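In the working numbering, the protein residues as written are 1423 to 1988.
Think of the CB as a built atom: it goes at the ideal place given N, C-alpha and C, for glycine as much as any other residue.
No experiment lies behind these values; they were computed from the predicted model shown.
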């Protein structure tokens, strides 16, 4: 059965003046708050599942811990899980498979779970075939179904080179020898910080290298190698992507179909600018001239730390920019530009995403179709967030705060699945750093239903809770044809847990909407959220009650659903 909640938008609009962001955010490391330093978090999401890893120092040094939620972040494991040892972990997921890669001294390790993180092998797999000199290796990972691809840099030959290994069976077996991807003389130059992307059987790796200059830090270029047979063979000669006019650092890669897009920070002017290049034939050919993405005067203000995301011919780039703060070393504002024709043309004016109230740096960006999400740490005091629903053409006029009062939040990462976005970071609110998670908008279940059936009734919320969108509340395992009521509570205080009538009342309602359960024991209740900007951050809670002759006192109750608007 379907029912349109005609009057609920009116109630929401009236209540908007009391809006607040979702609180609290969720701490993922499960030792005592602030008891041990936890840092370098990373996050992946698929379906309703969210997977987090980080580096933890309990009791000492380099353990990699894992936590997961199977319900979009509503609940997490009560004990985090050790999955390896090392630094700078990365996590990726495909279906119910979760993959983690980490660097540990002179080795690169990998671990995996094929049951959504419930169980893991006790011993990680070493994927580098030669132990290299000690130091951070900054591995990166990409997955496509059961194909897992890993890249890193190490110093087995003296100066660092770029290496690769892969598994085609979900991480069980790997190439017997890793593959060096930079094709100059081994160990002759510093090659660092590879990025990896995959599309079908094509795998792309880019990196920053000092091949063209003596100084390994101030004269660098961006290089590429690629494979079209799942990493079995690679190009005999790598390719420089930038035109060599300046020093190119911090390259980032996005892959979609046969297109590969690269952005980097380049010093060809007096100050750094963001440049871009692309290939539409699986890496074979590239633009003959790089494209400058920023639209301020070239070389006047520094631009740093680019991020890039693509979907088809739509590509979006974001970065930290110093045009409004010329003395800032890493910029102070977040800017973005986009192309919807594969990089052929860009907006004539780039867009500032932050509100300028603090020093915003090191953005992260993810996208899901036409939705683009950007977050950043700001002045060691808060985490900012903005989003676009039209490929990066327009953005929210004001940013949203991701954290709820942490101390020096940093090391932010984002992930998205099913048009939901997840943020993870560390902060110092408890003393030593802890790992936190939150979302800028969405719906989460809480509590559990009760009734006379073998399976408790369940209420779930689906869709993006952003202004102007339509969401739906789906009821399952109810009594077919039963009279029912959707309770609606406003603001965080309306979320309660009061035992009543043999069940639990989860909502202190201000209004209710009667309906009839469908003949299959289900109901679908759509709701259109008004486009009023005042609704951003607004909170509501929902629960369904219905008649059930087998339930205590004849009333069955669903779980609760919390919703907040971005």
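In this structure, residue 1951 sits near residue 1890, with a CB-CB distance shorter than 8 Å.
In the three-state scheme derived from DSSP, where H, G and I count as helix and E and B as strand, residue 1925 is classed as strand. Taking 8 Å as the upper bound for CB-CB distance, residue 1629 and residue 1664 are not in contact here, some 12 Å apart. Here residue 1848 is actually not in contact with residue 1467; their C-beta atoms are around 19 Å apart, not less than 8 Å. DSSP places residue 1732 in the strand class (E or B) of the three-state scheme.
Residues of the same chain with a CB within less than 6 Å of the CB of residue 1975, apart from the 5 flanking positions on each side, are 1923, 1924 in chain order.
Straight through space, the alpha carbons of residue 1787 and residue 1727 are spaced by roughly 11 Å.
One Cα belongs to residue 1670, the other to residue 1767, and the distance between them is close to 22 Å. DSSP assignment within the stretch 1493-1528 yields the following whole beta strand (DSSP E) runs of 3 residues or more, N-terminal first: 1503-1507, 1509-1516, 1519-1526. As for any beta strand (DSSP E) of minimum length 3 sitting wholly inside the stretch 1872-1958, the runs are 1880-1884, 1892-1898, 1905-1912, 1917-1922, 1925-1929, 1933-1938, 1945-1950, ordered along the chain.
In the structure shown, residue 1831 falls within a coil segment according to DSSP collapsed to helix, strand and coil. Cβ neighbours of residue 1886 within its own chain (closer than 6 Å, five residues either side excluded): 1841. At least 8 Å separates the beta-carbon of residue 1482 from that of residue 1464. Residues 1733, 1841 of the same chain have their beta carbon placed closer than 8 Å to that of residue 1791, with the five preceding and five following residues left out of the count. Between residue 1764 and residue 1735, the gap from beta carbon to beta carbon is short of 8 Å.
Under the criterion of beta carbons closer than 8 Å, residue 1643 and residue 1613 do not qualify as touching, at roughly 10 Å.
Listed in chain order, the beta strand (DSSP E) elements of length 3 or more contained wholly in the stretch 1542-1578 are 1562-1566, 1569-1576.
Going by DSSP, residue 1771 is part of no beta strand (DSSP E) at all; its letter is neither H nor E. Taking C-beta atoms as the reference points, residue 1797 and residue 1807 count as a pair closer than 8 Å. In the three-state scheme derived from DSSP, where H, G and I count as helix and E and B as strand, residue 1532 is classed as strand.
Annotated three-state conformation of residue 1807 is strand, per DSSP. Per DSSP, reduced to three states, the secondary structure at residue 1615 is strand. Taking C-beta separations shorter than 6 Å and ignoring five residues to either side along the sequence, the partners of residue 1505 in its chain run 1486, 1488, 1522, 1533, 1542, following chain order. With a contact defined as Cβ atoms closer than 8 Å, residue 1879 and residue 1905 miss out at about 14 Å.
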